[in-house]
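Quick notes on the structure that follows.
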Amino acid sequence: MPIHCKLSTLLGERRMKMSELARKTGLAKNTILALYHDRVRKVDYRVLEKICEALGCQVGDLLVYEPEDGR
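With UniProt numbering as the guide, the letters of the sequence shown map in order to residues 1 to 71.
Laid out in structure tokens, this is it:
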């Protein structure tokens with residue numbers, strides 16, 4: 001999939017644990033875990049909004065488009 005979630009990078013830069021992000025956002029730990037490991041196929045706008053608010057970032061910092069080779 002050409003869209004990737006950079007949550008692991010953002011959390012690392014901020015030295016924040018997934019459990020702290022879950023607490024700040026009110027999101028389920030499983031949701032945070034799936035995004036952290038870039039294992040989601042779709043994500044609700046509200047989830048993105050909560051994460052961006054907690055991390056002080058933009059959606060473009062969290063999600064990146066990387067075209068597949070040959071396209």
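In this text, a Cβ means the ideal position worked out from N, Cα and C, and glycines have one as well.
**Continuous beta strand (DSSP E) stretch holding Val64: start and end** = Leu63 to Tyr65
**Item:** Delimiting residues of the alpha helix (DSSP H) encompassing Cys52
**Value:** Per DSSP, Cys52 belongs to the alpha helix (DSSP H) from Tyr45 to Leu55.
**Request:** Keeping to the same chain, check which residues put their C-beta closer than 8 Å to that of Lys17; ignore five residues upstream and five downstream.
**Result:** Leu11
**Asked** Among Glu13, Val47, Ile3 and Thr9, which one has its Cα closest to the Cα of Lys24?
**Response** Val47
**Request:** Counting only the same chain and skipping the five closest in sequence on each side, list residues whose C-beta sits under 8 Å from that of Met1.
**Result:** Cβ neighbours of Met1 within its own chain (closer than 8 Å, five residues either side excluded): Arg41.
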